[in-house]
Amino acid sequence: MIEQLDVDGVPTLLAKTGGPMHAGLAFRVGTADETLARSGITHLLEHLALAPVGLADYHFNGATGSTVTSFHMQGSENDIASFLTAVCESLHNLPAQRLEVEKEILRTEWGSRAPGPMDTMPLWRHGARDHGLASYPEFGLSMIGEDDLRAWAARFFTRDNAVLWIAGDRVPAGLRLALPSGTRQPVPAASSALPQAPAYFVHGSRAVALDAVVRRRTAASVFAGVLERELFRSLRQEGGLSYTATAGYGPRGDGYAHLRGLADALPEKQDAVLGGFVDVLAKLAVGRIDRADLDSVVGKVQDSLGTAEVHAARLPSYAVNLLTGQPNLEIDGYRAELAAVTVDDLHGVATEMMGSALLMVPEGCRADWAGFTEAPTCSTGVVDGTPYLARDGEGQLQVGVDGVSYLGPGGPLTVRYADCAALLCWPDGARQLIGADAISLRIEPTLFHLHPATLPMLDSQVPVDRRVTMPARPAERIPQPEPAAQPAVPATRRPGALAVTAMVFSGLATTVVAGYALLLTVGMLLTEEGRQAPDGVWVVVVISWLLAVILALPIVLILRRRRSR
Numbered sequence: 001m002i003e004q005l006d007v008d009g010v011p012t013l014l015a016k017t018g019g020p021m022h023a024g025l026a027f028r029v030g031t032a033d034e035t036l037a038r039s040g041i042t043h044l045l046e047h048l049a050l051a052p053v054g055l056a057d058y059h060f061n062g063a064t065g066s067t068v069t070s071f072h073m074q075g076s077e078n079d080i081a082s083f084l085t086a087v088c089e090s091l092h093n094l095p096a097q098r099l100e101v102e103k104e105i106l107r108t109e110w111g112s113r114a115p116g117p118m119d120t121m122p123l124w125r126h127g128a129r130d131h132g133l134a135s136y137p138e139f140g141l142s143m144i145g146e147d148d149l150r151a152w153a154a155r156f157f158t159r160d161n162a163v164l165w166i167a168g169d170r171v172p173a174g175l176r177l178a179l180p181s182g183t184r185q186p187v188p189a190a191s192s193a194l195p196q197a198p199a200y201f202v203h204g205s206r207a208v209a210l211d212a213v214v215r216r217r218t219a220a221s222v223f224a225g226v227l228e229r230e231l232f233r234s235l236r237q238e239g240g241l242s243y244t245a246t247a248g249y250g251p252r253g254d255g256y257a258h259l260r261g262l263a264d265a266l267p268e269k270q271d272a273v274l275g276g277f278v279d280v281l282a283k284l285a286v287g288r289i290d291r292a293d294l295d296s297v298v299g300k301v302q303d304s305l306g307t308a309e310v311h312a313a314r315l316p317s318y319a320v321n322l323l324t325g326q327p328n329l330e331i332d333g334y335r336a337e338l339a340a341v342t343v344d345d346l347h348g349v350a351t352e353m354m355g356s357a358l359l360m361v362p363e364g365c366r367a368d369w370a371g372f373t374e375a376p377t378c379s380t381g382v383v384d385g386t387p388y389l390a391r392d393g394e395g396q397l398q399v400g401v402d403g404v405s406y407l408g409p410g411g412p413l414t415v416r417y418a419d420c421a422a423l424l425c426w427p428d429g430a431r432q433l434i435g436a437d438a439i440s441l442r443i444e445p446t447l448f449h450l451h452p453a454t455l456p457m458l459d460s461q462v463p464v465d466r467r468v469t470m471p472a473r474p475a476e477r478i479p480q481p482e483p484a485a486q487p488a489v490p491a492t493r494r495p496g497a498l499a500v501t502a503m504v505f506s507g508l509a510t511t512v513v514a515g516y517a518l519l520l521t522v523g524m525l526l527t528e529e530g531r532q533a534p535d536g537v538w539v540v541v542v543i544s545w546l547l548a549v550i551l552a553l554p555i556v557l558i559l560r561r562r563r564s565r
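Just so you know, we're using the working numbering here: the sequence shown kicks off at 1 and counts up by one.
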């Protein structure tokens, strides 16, 4: 059985194991307790606590979740005692010389991780606060100093906010948990960024995914198993549409739990996978639940409860329940609850699931045809303020005393200073305001005609603890406006060599003939002999002028052709 003890004022759970001894120290603190502008402080503290351990021959690790941070160790009794003692010492006597090194390690860790299809779900459901922060980078690392870490440790890493669990036959000799006294911290209240549900959003991942919030209970955990069987059977076995079709259940620590489902898809099969996924949800929502699936899921869980290691395996979840104030069932009580789950109970979970469902669909797909409302990607309101036009002529910023709005393609987007979760500031003058509702608005001075006083005024309106200084960007990463299109200028074509020759000869011939005709005409009109000349001479004059005109025609034609080109 699981025995409850006390070690240096820390509640302790002990259960025997047939394998090597392992233990964990869990604290009720996680990313949901942070703010976006100082996000990463818990993870950084976890890394610093493990830094003095260095290289070891035994297996150890630390993990920062949404509501719980834990340190785990497997090894000999002496190893476990040394490890947990060192962690508690480091938490309140931080190795400050490692601060910048560990920050760089965390940045590398984030940059190296492959994003999963479920990673953006918290952002869409909760926004840029509490449980939604799990979707964001750890923006606050650059702003966190030693004093911030000490204050965070004093608040959350205390013996009254911790639970120790040990899989072994006794508490390791020499274990010392040198933690200060404190207060048990409640789980943060979950916010919502969804005006209504069921809702959906479009994502670039080649998968269809579901997230729903339901009351925590045994029937809900069984329902997750039934949902997985339905998805697997429909989308993989029968339809051959997906390779991965799975579902899961995870308590949140506040009396509620997340129900999640996922099915992957090839690009050409995304519509079919979405249709099949929605069909499964609809089938369960109307109560078409196979009793055989219920029995199969319950039977599988019942079998796992009969293993020799069942109590040791349940220690981590028992510790989390104790930290968050949730009840822990004895094995016999849990068996009884499993056996009592009915098809009607599962139908009730399905109905609750659809009332809070958030669906992620691939690009190019929609789910409004199935009764899902598109989650908002724009703001509903716009602030009054000074307008600043974009340099390329598309869109404008309105900077006011209450906030900033962007009007243009993809907008309107509005972030009010009072609801600003973080203001990211780059040395080149760029700003990004992220609202609590996850609406994000970028201001690039290179792209807008901003007054010099605009950015200082904006910075002054956002509280200091929400500002984040970002590293300098390479010049090639600073966006520039598109160059204005220049009007087309017709190319000037020079005449070819043959045309030049023709123009020269035409000009010379025209000059000679026209000169002769001119002299002859003057002689005929101004001299007595010319006036008395026979009519045939006038015929010669007329013919000379006509010939001059004919000889000039090539020049005229060549020049006209040049202009037409």
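The beta-carbon is built from N, C-alpha and C at its ideal position, and this holds for glycine as well.
Note that the structure is a prediction, hence the values are computed from the model and not measured.
DSSP places glutamate 374 in the strand class (E or B) of the three-state scheme. Exclusion of the five residues before and after glycine 65 leaves Gly30 as the residues of its chain whose Cβ lies within less than 7 Å of its Cβ. Its Cα nearest to that of phenylalanine 232, the residue Leu262 stands out among Leu262, Val415, Arg28. Looking at the DSSP output, alanine 207 bridges to Asp264. Residue environment: aspartate 303 is assigned as exposed (fewer than 16 neighbouring CB atoms within 10 Å of its CB, all protein chains considered). In this structure leucine 210 does not touch isoleucine 289 by the C-beta definition: roughly 17 Å separates them, more than the 8 Å allowed.
Here the alpha carbon of aspartate 79 sits roughly 24 Å from the alpha carbon of valine 320. Beta-bridge annotation (DSSP): leucine 407 is paired with Gln396. Per the Cβ contact rule, the region 391–398 is in contact with the region 444–461 (3 or more Cβ pairs under 8 Å). The residue among Ile144, Val222, His72, Ser112 with its C-alpha nearest the C-alpha of valine 343 is Val222. Straight across, the Cα-Cα distance linking alanine 370 with leucine 359 is about 11 Å.
Secondary structure within the region 272–346: the alpha helix (DSSP H) runs of 4 or more consecutive residues, fully enclosed, are 291–304, 310–313, 315–324, 331–340 (chain order). By the criterion of a C-beta distance shorter than 8 Å, proline 198 is surrounded in its chain by Met354, Gly355, Ser356, Ala357, Leu358, Leu359, Gly371, Phe372, Thr373, once the five residues flanking it on both sides are discounted.
Your pair leucine 424 and valine 468 checks out as a contact, with CB atoms roughly 5 Å apart and the cut at 8 Å. For arginine 217, the closest of Pro251, Trp165, Gly116 by C-alpha to C-alpha distance is Pro251.
Scanning its chain for C-beta atoms nearer than 8 Å, with the 5 sequence neighbours on each side dropped, one finds around glycine 204 the residues Pro362, Glu363, in chain order. Listed in chain order, the non-local C-beta contacts of threonine 12 below 8 Å within the same chain comprise Gln4, Leu5, Asp6, Val163, Leu164, Trp165, Ile166, Val171, local neighbours out to five positions each way being set aside. The beta carbon of arginine 416 lies closer than 6 Å to those of Asp402, Gly403 in the same chain, with the five residues before and after it left out. If the five residues before and after threonine 42 are omitted, its C-beta is found closer than 8 Å to the C-beta atoms of Val29, Gly30, Thr31, Asp33, Glu34, Thr64, Thr69, Trp152, Phe156, all from its own chain and listed in chain order. The three-state secondary structure of alanine 154, taken from DSSP, is helix. Using a Cβ-Cβ distance cut-off of 8 Å, the region 381–393 and the region 86–104 are not in contact, since fewer than three pairs of beta carbons, one from each stretch, lie closer than that value. Contact check for glutamate 138 against leucine 177 fails: the beta carbons are separated by 8 Å or more. Distance from the CA atom of glutamate 268 to the CA atom of serine 317, rounded to whole angstroms, is 41 Å. If you draw a straight line from the Cα of arginine 184 to the Cα of leucine 323, it is about 8 Å long. Cβ-Cβ separation between alanine 37 and alanine 421: approximately 7 Å, consistent with a contact (criterion under 8 Å). For leucine 315, the CB contacts under 8 Å within the same chain, skipping 5 residues up- and downstream, are Ile2, Leu13, Ala15, Gly24, Trp165, Ile166, Ala167 in chain order. The distance from the Cβ of alanine 219 to that of valine 349 is about 6 Å, consistent with a contact at the 8 Å cut-off. In terms of Cβ geometry, serine 234 and alanine 265 do not form a close pair [threshold 8 Å]. Per DSSP, the continuous beta strand (DSSP E) segment holding asparagine 61 begins and ends at 59–64. The three-state reading of DSSP puts glutamate 138 in coil, since its state is none of H, G, I, E or B. In this structure arginine 260 does not touch alanine 193 by the C-beta definition: roughly 18 Å separates them, more than the 8 Å allowed.
Residue range 218–231 is occupied by the alpha helix (DSSP H) that includes valine 226, with no beta strand (DSSP E) assigned at that position.
Methionine 121 is classed as buried because its beta carbon has at least 16 other beta carbons within 10 Å across all chains shown.
In terms of Cβ geometry, alanine 81 and leucine 175 form a close pair [threshold 8 Å]. Counting every other CB atom within 10 Å of its CB across the protein chains shown gives proline 188 a total of 16 or more, marking it as buried.
The alpha-carbon of valine 280 is positioned some 7 Å away from that of glutamate 230.
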